[in-house]
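Counting from 4, one number per residue, gives the positions in the sequence shown under this note's numbering.
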Amino acid sequence: MIARSDDYVEYCRETAKHARKLHDLALRGRDNEKVTQIIHERIAETVGLNSNDDLVDIGCGDGTMLRIAQQRGARSAIGLLATEEEVALVRRTGVDVRQGLSDLLPLPDACASVVVCNGVLLIVPRDRIHASLCEIARIAQPGARVFIGEIPFLELTDPTPQFDRPSELLRHLYRKQGFRAWLGMVRRMAWSGLTGKPFVLSPGTAHSFFAQPEEFIAMAAACRLESVHCWQHDHPSTRNNYLLRKPMVKAEVA
Ligand SMILES: C[S@@+](CC[C@H](N)C(=O)[O-])C[C@H]1O[C@@H](n2cnc3c(N)ncnc32)[C@H](O)[C@@H]1O
4 MIARSDDYVE YCRETAKHAR KLHDLALRGR DNEKVTQIIH ERIAETVGLN
54 SNDDLVDIGC GDGTMLRIAQ QRGARSAIGL LATEEEVALV RRTGVDVRQG
104 LSDLLPLPDA CASVVVCNGV LLIVPRDRIH ASLCEIARIA QPGARVFIGE
154 IPFLELTDPT PQFDRPSELL RHLYRKQGFR AWLGMVRRMA WSGLTGKPFV
204 LSPGTAHSFF AQPEEFIAMA AACRLESVHC WQHDHPSTRN NYLLRKPMVK
254 AEVA
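Next up, the structure:
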């Protein structure tokens, strides 16, 4: 019997432990470095990232956004990652990364003029979304630009096939991901057999959160983030991108 876990943080940890390339941490599939670069260059354009900015990238993947910020001469650029295993790999590239989850950011109030959170909230459990948006608002300076990308507007069913027998799973892995992935799974299964610990499969493809634009914009507004613009993501086209803004503090009426 194969138990399944949708704990995405554990999936990120496993990915880091077995990463062959830094880009594996972007979870965008093999040989998609160019796509990751283009997506982040577009985000930098959208938020108008410049040399006066202090950037925080929540769930910064392989650190592409941080390197773009460095190239643009941003004053500071901090990336957050779900696990220390990811942090250890990305830190080697010389960028400032720390471990932190979206609903409890290890950063002071009003430290960012730009906050980016791309391809992350869709894997955060729904009951942590309000806390995550309020944390984003807390670290954003008045007037800060906030980019939140790839929020599905449809509920997606987990596309990973279900396997009842280990041999089916192994056959599938060999066909789809090759010998290395097959061998890794054989080892995990053998370890589980030897230790008697349950064998848990983390598909890492199930989404926790989706929202129609009206609902997401209302959730952001509840944390005092104003909607500037919402548009459909290119690929997959079942997701939306949002540019939000933290309002300026109103001058006190005398
Ligand atoms: C799909 S990758 C997206 C990476 C990058 N933002 C990009 O667009 O290429 C998901 C990222 O979210 C991070 N992550 C996963 N769960 C998280 C959580 N609960 N809070 C913050 N970050 C999380 C992971 O460390 C990983 O870097």
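Just so it is clear, CB atoms sit at the ideal spot from N, CA and C, and this is done for glycine as well.
With respect to the 8 angstroms criterion, Asn53 and Gly152 are not classified as neighbours on the basis of their beta carbons. Here the distance from the Cβ of Thr241 to the nearest heavy atom of ligand 1 is not below 7 angstroms. Look at Glu229 here: in three-state DSSP terms it is strand. Per DSSP, the continuous alpha helix (DSSP H) segment holding Leu197 begins and ends at Phe182 to Thr198.
Lys249 sits close to Pro145, with the two beta carbons spaced by under 8 angstroms. For the options Tyr177, Ala224 and Phe150, the alpha carbon positioned closest to that of Ile61 is the one of Phe150. At least one heavy atom of ligand 1 falls within 7 angstroms of the beta-carbon of Thr39. Looking at the DSSP output, Val119 bridges to Asp60 and Phe150.
The Cβ-Cβ distance between Thr96 and Leu25 falls below 8 angstroms.
For the pair Ile139 and Ala223, the Cα-to-Cα distance works out to about 10 angstroms.
For Leu246, the uninterrupted beta strand (DSSP E) segment begins and ends at Arg242 to Arg248.
Fully contained in the region 50–101 are the following beta strand (DSSP E) runs of length 3 or more, in chain order: 57–61 and 79–84. Between Leu125 and Pro169, the beta carbon gap of about 29 angstroms keeps them out of contact (Cβ cut-off 8 angstroms). The beta carbons of Ala134 and Ala115 sit about 17 angstroms from each other, so the pair does not count as a contact at 8 angstroms. Comparing alpha-carbon positions, the option among Glu89, Asp56, Glu87 and Glu44 lying closest to Ile71 turns out to be Glu44.
Distance from Val100 to Gly66 at the Cβ level is roughly 7 angstroms; contact confirmed, criterion being Cβ atoms closer than 8 angstroms. For Tyr11, the shortest separation between its Cβ and any heavy atom of ligand 1 lies below 7 angstroms. Residue range Tyr11 to Lys20 is occupied by the alpha helix (DSSP H) that includes Val12.
Relative to ligand 1, the beta carbon of Glu44 is positioned no closer than 7 angstroms to any heavy atom. Between ligand 1 and Ile154, a heavy atom-to-CB distance of less than 7 angstroms is absent.
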